[in-house]
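In what follows, a structure is listed as structure tokens, so that the remarks can point back to it.
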């Protein structure tokens, strides 16, 4: 991979790259019908970036010269800081080109005196967030409704940054994705399937969590707003990659029907501990579905992460949940008085369970 200044001969490849739906989804200012003329305008505008102290490159294959994408280092702001941006054409993905480009461009910027380089990516753009971590960038937080999409809606962004004094080593996720290393991976035992929660699960998830019998034992014991359900499904991939939590749709493997929700929260890497929580639709209760799901998740966590201890909390009268945990290998450890919020300001005891590696 090499970075070089864009030239007129790159216009056709750039036009095809920007026309890709994945690029259009996360680059809202790109015209709907991006063509060669737009690409030529982009190439001409690259000189302006250079004149203002930034840098604009195409990412190309070192051996063939084929254009794989583009990378940008914005002109420094009034504090001397910059921001890196990039995109890859469909034919350039899966080769580590984006990570190599970002690392090279970041090192180049530091060598030219820039003290801090930011990287901003959409909350749902998990591949781009992965590039940031592999490039040694630290996740700093969420920028709420930071930019507008083509339909006028506002999207949250994730802010990353590297400082000139940072080591720049790749940041390995504490919670790797399921087999295959892709955010759409799944686990199955042939009866149930665990798949990362996605925006496409929002309506089914929200309908389930709005049932009084479902949220009776939730904390707090109330239905989520639709906005909360939307955020949970949109943030799920980002939370997972950040090592904060795992949010899963539990599906009946034979039909792929939505059966419930399973989560891994309260992740504490120094302790090697996390908490399990779940909900299951009535139609799938009594079939051992959640026992299978919890066991699948526990086995994965113990084999592929640094987690050594899983805990769960249940209300004393939630007998069905007790049975799930017992069958999934959890042992009752203690009773904590008045820990959980109950209805109408009451407090409920918490029966706590654990399963260790």
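Residue numbers (the working numbering): 38 to 394.
Glycine included, each C-beta is placed from N, C-alpha and C at the ideal position.
All of these numbers come straight from a predicted model, not from anything done at the bench.
Using a 10 Å radius around the Cβ and a threshold of 16 neighbouring Cβ atoms, would you call residue i buried or exposed?
i: residue 197; result: buried
i: residue 316; result: buried
i: residue 383; result: exposed
i: residue 101; result: exposed
i: residue 250; result: exposed
i: residue 262; result: exposed
i: residue 119; result: buried
i: residue 318; result: buried
i: residue 288; result: buried
i: residue 295; result: buried
i: residue 149; result: exposed
i: residue 143; result: buried
i: residue 341; result: exposed
i: residue 45; result: exposed
i: residue 56; result: buried
i: residue 285; result: buried
i: residue 357; result: exposed
i: residue 219; result: exposed
i: residue 139; result: buried
i: residue 132; result: exposed
i: residue 402; result: In the structure as shown, the chain begins at 38 and stops at 394. Residue 402 is therefore absent and cannot be evaluated.
i: residue 159; result: buried
i: residue 190; result: exposed
i: residue 297; result: buried
i: residue 326; result: buried
i: residue 283; result: buried
i: residue 221; result: exposed
i: residue 269; result: buried
i: residue 373; result: exposed
i: residue 392; result: buried
Assuming residue i contacts residue j (C-beta within less than 8 Å), just tell me the rounded distance between them.
i: residue 43; j: residue 83; result: 5 Å
i: residue 54; j: residue 109; result: At roughly 14 Å, the Cβ-Cβ gap does not stay under 8 Å, so residue 54 and residue 109 are not in contact.
i: residue 157; j: residue 194; result: 5 Å
i: residue 334; j: residue 301; result: 6 Å
i: residue 330; j: residue 267; result: Actually they do not touch by this definition, with Cβ atoms about 23 Å apart.
i: residue 199; j: residue 174; result: 5 Å
i: residue 290; j: residue 225; result: 5 Å
i: residue 309; j: residue 346; result: 6 Å
i: residue 104; j: residue 51; result: 7 Å
i: residue 147; j: residue 201; result: 5 Å
i: residue 181; j: residue 136; result: Actually they do not touch by this definition, with Cβ atoms about 27 Å apart.
i: residue 379; j: residue 258; result: 6 Å
i: residue 161; j: residue 271; result: 6 Å
i: residue 299; j: residue 377; result: In fact, because the Cβ distance is near 19 Å, the residues do not count as touching under 8 Å.
i: residue 151; j: residue 106; result: That belief does not hold up - the Cβ atoms of residue 151 and residue 106 are roughly 22 Å apart, past 8 Å.
i: residue 311; j: residue 323; result: With 8 Å as the limit, residue 311 and residue 323 do not qualify as a contact, their Cβ atoms being about 27 Å apart.
i: residue 246; j: residue 260; result: 6 Å
i: residue 273; j: residue 233; result: 6 Å
i: residue 48; j: residue 92; result: That belief does not hold up - the Cβ atoms of residue 48 and residue 92 are roughly 19 Å apart, past 8 Å.
DSSP puts residue i in a beta bridge; with which residues?
i: residue 12; result: With the chain covering 38 to 394 only, the question about residue 12 has no answer from this structure.
i: residue 387; result: 373
i: residue 351; result: 388
i: residue 95; result: 41 and 107
i: residue 310; result: 305 and 346
i: residue 178; result: 196
i: residue 229; result: 289
i: residue 317; result: 297
i: residue 119; result: 154
i: residue 368; result: 391
i: residue 249; result: Beta-bridge pairing links residue 249 to no other residue.
i: residue 395; result: Beyond the ends of the chain as shown, which are 38 and 394, falls residue 395; an answer cannot be given.
i: residue 378; result: 384
Are the segment 348 to 361 and the segment 380 to 392 touching, with three or more C-beta to C-beta distances below 8 Å?
yes
Notebook entry, point to check: Can you find at least 3 beta carbon pairs, one from the segment 236 to 245 and one from the segment 354 to 369, that sit closer than 8 Å?
Noted result: Contact fails: fewer than three Cβ-Cβ distances are below 8 Å.
If you pair each beta-carbon of the segment 262 to 279 with each one of the segment 203 to 223, do three or more pairs fall below 8 Å? Yes, the segment 262 to 279 touches the segment 203 to 223.
Are there three or more Cβ pairs, one per stretch, closer than 8 Å when the segment 85 to 98 is compared with the segment 121 to 139? yes
**Message:** Please give me, in chain order, every unbroken run of the alpha helix (DSSP H) with length at least 4 that falls completely inside the segment 121 to 194.
**Reply:** Counting only runs of 4 or more, we get 134 to 148 and 163 to 171.
field: Runs of alpha helix (DSSP H) lying entirely within the segment 54 to 81, each at least 4 residues, in chain order
entry: 58 to 63
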